[in-house]
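Chain order of the listed sequences is A and B. Each residue of the first sequence is one higher than the one before, counting from 14 in our numbering. Each residue of the second sequence is one higher than the one before, counting from 405 in our numbering. Ideal placement from N, C-alpha and C gives every residue a C-beta, glycine not left out. The model shown is predicted, which means the values in this text are computed figures rather than measured ones.
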Amino acid sequence: AQTVTQSQPEMSVQEAETVTLSCTYDTSENNYYLFWYKQPPSRQMILVIRQEAYKQQNATENRFSVNFQKAAKSFSLKISDSQLGDTAMYFCAFVKRTGNQFYFGTGTSLTVIP
Amino acid sequence: GAGVSQSPSNKVTEKGKDVELRCDPISGHTALYWYRQRLGQGLEFLIYFQGNSAPDKSGLPSDRFSAERTGESVSTLTIQRTQQEDSAVYLCASGDRGNTEAFFGQGTRLTVV
């Protein structure tokens, strides 16, 4: 079975600062994807960033980047130059390439303080 | 529309009534997922459809829950004889066959009183 663990239920960061959210996962698969999704109070789940397991290079999307450590099964999200609009729940997720469900962590509630 | 559409947005129902939730996936997406999210918690997998294959119903919590999808179109999630513990946001997502991304709707907030 696949599991995804987010050990930080809540975090806060000052506006314009950098914050890192942690995620670990457990799988015996070799071909999979990892994701960070953002869920603001509107409930809409929004994809922040995606990492393909076969790629060693860490994914980057503007202010968002990941630190993907495949051997350690770690997938952290770094948010640079935090903005008030980054305040949301952040979910780490895993899916096998040929899988039938996305496995989600329990989420980290991030608050950006002005 | 371009995104996943769910209706209704909010539903309040009396305990013991049946409810039906609807999901319109993105056109062309073969995969469709239903998840349940209780207040302050993560996403709990309910059911997965992939094209015309038999659905994976392994996440349905009881026989009061059922879901249907015809081909690659609309899906409905039905909860019979609702209980207060069914109160949650029900999220639907659709995606391609390769699982490159799940696109989510805004969810239906179900409240059982």
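Cβ of Val416 of chain B within 8 Å of any chain A Cβ:
The residue given as residue 416 of chain B occupies position 12 in the second sequence. Answer no: the Cβ-Cβ gap between Val416 of chain B and chain A never drops below 8 Å.
Which one of B:Arg501, B:Phe449, B:Ala458 has the shortest CA to CA distance from Thr474 of chain B?
Locating residue 474 of chain B in the second sequence gives position 70, counting from the first residue. Selection B:Arg501, B:Phe449, B:Ala458 evaluated against Thr474 of chain B yields B:Ala458 as nearest (Cα-Cα).
Cβ-based contacts, 8 Å cut-off: residues of the region 445-457 of chain B near chain A
Taking 8 Å as the Cβ-Cβ cut-off against chain A, the residues of the region 445-457 of chain B that qualify are Gln445, Gly446, Leu447, Phe449, Tyr452, Gln454.
Which term fits Ser498 of chain B, buried or exposed, when burial requires 16 or more other beta carbons within 10 angstroms of its beta carbon?
To locate residue 498 of chain B, count along the second sequence from 1; it is residue 94. Burial of Ser498 of chain B is indicated by the presence of at least 16 other C-beta atoms within 10 angstroms of its C-beta.
Is DSSP giving Glu448 of chain B helix, strand or coil here?
Position 44 of the second sequence holds residue 448 of chain B. Residue state, collapsed to three classes: strand.
Name the chain A residues that come within less than 7 Å of Phe508 of chain B, Cβ to Cβ?
Within the second sequence, residue 508 of chain B is the residue found at index 104, counting from 1. Those are Gln57, Met58, listed as they occur along chain A.
Please identify the residue among A:Pro54, A:Leu97, A:Ser78, A:Gln96 whose C-alpha is closest to the C-alpha of Phe88 of chain A.
As a working mapping, residue 88 of chain A is identified with position 75 in the first sequence. Among A:Pro54, A:Leu97, A:Ser78, A:Gln96, the Cα nearest to that of Phe88 of chain A belongs to A:Ser78.
Close-in-space but distant-in-sequence residues of the same chain around Ser122 of chain A (CB under 6 Å, 5 per side omitted):
Here residue 122 of chain A is taken as the residue at index 109 of the first sequence, counted from 1. Excluding its 5 nearest sequence neighbours in each direction, Ser122 of chain A has C-beta neighbours in its own chain below 6 Å: Glu23, Met102, listed in chain order.
Please identify, using Cβ separations under 8 Å, the residues of the region 65-85 of chain A that lie next to chain B, in order along the chain.
So nothing in the stretch comes that close.
Can you list, in chain order, the residues of its chain with a C-beta nearer than 8 Å to that of Lys419 of chain B? Leave out the 5 residues immediately preceding and following it.
Mapped onto the second sequence, residue 419 of chain B falls at position 15. Only Thr486, Gln487, Gln488, Val516, Val517 meet the Cβ criterion.
Could you confirm whether any beta carbon from chain A is found closer than 8 Å to the beta carbon of Tyr494 of chain B?
As a working mapping, residue 494 of chain B is identified with position 90 in the second sequence. No, Tyr494 of chain B does not count as interfacial toward chain A.
Assign Gln441 of chain B to buried or exposed, taking buried as 16 or more other Cβ atoms, counted over all protein chains shown, within 10 Å of its Cβ.
By 1-based counting over the second sequence, the position of residue 441 of chain B is 37. Buried, by the Cβ-count rule.
Name the chain A residues whose beta carbon is nearer than 8 Å to that of Asp460 of chain B?
Residue mapping note: residue 460 of chain B aligns to position 56 of the second sequence, counting from 1. The answer, in chain order, is Asn113, Gln114.
Provide the residue span of the beta strand (DSSP E) that contains Ala497 of chain B, from first to last.
Working through the second sequence from its first residue, we reach residue 497 of chain B at position 93. Going by DSSP, Ala497 of chain B is part of the beta strand (DSSP E) stretching over 492-499.
Shortest alpha-carbon distance to Pro465 of chain B belongs to which of B:Tyr439, B:Glu472, B:Gln445?
Here the question's residue 465 of chain B lines up with position 61 in the second sequence. Checking every option, the nearest Cα to that of Pro465 of chain B belongs to B:Tyr439.
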